[in-house]
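Enquirer: Here it is, the structure, as C-alpha cells.
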Amino acid sequence: MSLRDRINEDLKTAMKARDMTRVAQLRAITSRFKDLDIELRAKDAALDEGTMLSALRSMIKSRRESAALYRQGDRPELAEKEEAEIATIEHYLPPPLSDADLEIIVQKALSETGAHSVKDLKNVMSWLRAQHGAQLDMGKMSVLVKAKLG
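Shown next as C-alpha cells:
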C-alpha cells in the first residue's frame, strides 16, 4: 500500500472514530500532498514516494521550530499541539537509520565520489540523494559529510 493510501485509510478510520484532532493532522498532510500535486502538474511530473517523504520531513522541521517558539513564548499548550502533529507525521516516515549505518553510507559516498574536501560536498550530497534520498534526512547527512570532509 502506498504512503498516500495509508494516510487516506487512517483518515477514514479517524473520521469514523470521530477523532477530530487526528483528522485535522491527517488532513494537513493530505493538503500538503495536494499542493505538491498541483505544483508538479505544472511541470508535467508526478508526486512520488520520495517527494512525499521529503514533504513530511519538511513539515516536521517547521513544527519543531514552531514548538520551540511556543515554548519560548510560554505557550506550552500550543507547543504540545505541534509535538502531537510531529508524532503523527513521524508515524509515516521510515524508521531512522542507526549512526553506524549512516557512517557506512557516508564512507561509501565519499569513496564513490572521490571527495576529499568541503568543495566536494555538492557532489557527495547529490550522490546521497540519488542513492538514498527517500530514507535519509539530508540536513543531518550534510552535517555528517561536512565533519568528514572538514
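Using the working numbering, you'd call the opening residue of the sequence shown number 77 and step up by one each time.
Idealized CB from N, CA, C, for every residue including glycine.
1. When the Cβ atoms of the segment 215 to 223 are set against those of the segment 175 to 187, are three or more pairs found closer than 8 Å?
2. Which residues in the same chain have their Cβ closer than 8 Å to the Cβ of ILE165, if we skip the five residues on either side of it in sequence?
3. Among SER78, ILE162 and LEU225, which one has its Cα closest to the Cα of GLU141?
4. Cα separation between GLU159 and TRP203?
5. If you draw a straight line from the C-alpha of ARG151 to the C-alpha of SER193, how long is it?
6. Check GLN211 in the structure and name its three-state DSSP category.
Expert: Once the coordinates are examined:
1. Verdict: yes, contact present.
2. Listed in chain order, the non-local C-beta contacts of ILE165 below 8 Å within the same chain comprise GLN101, ILE105, LEU132, MET135, ILE136 and ARG139, local neighbours out to five positions each way being set aside.
3. The shortest Cα separation from GLU141 among SER78, ILE162 and LEU225 belongs to ILE162.
4. Between the alpha carbons of GLU159 and TRP203 lies a distance of about 32 Å.
5. Put simply, the backbone Cα of ARG151 is about 44 Å away from that of SER193.
6. GLN211 falls in the coil class under three-state DSSP.
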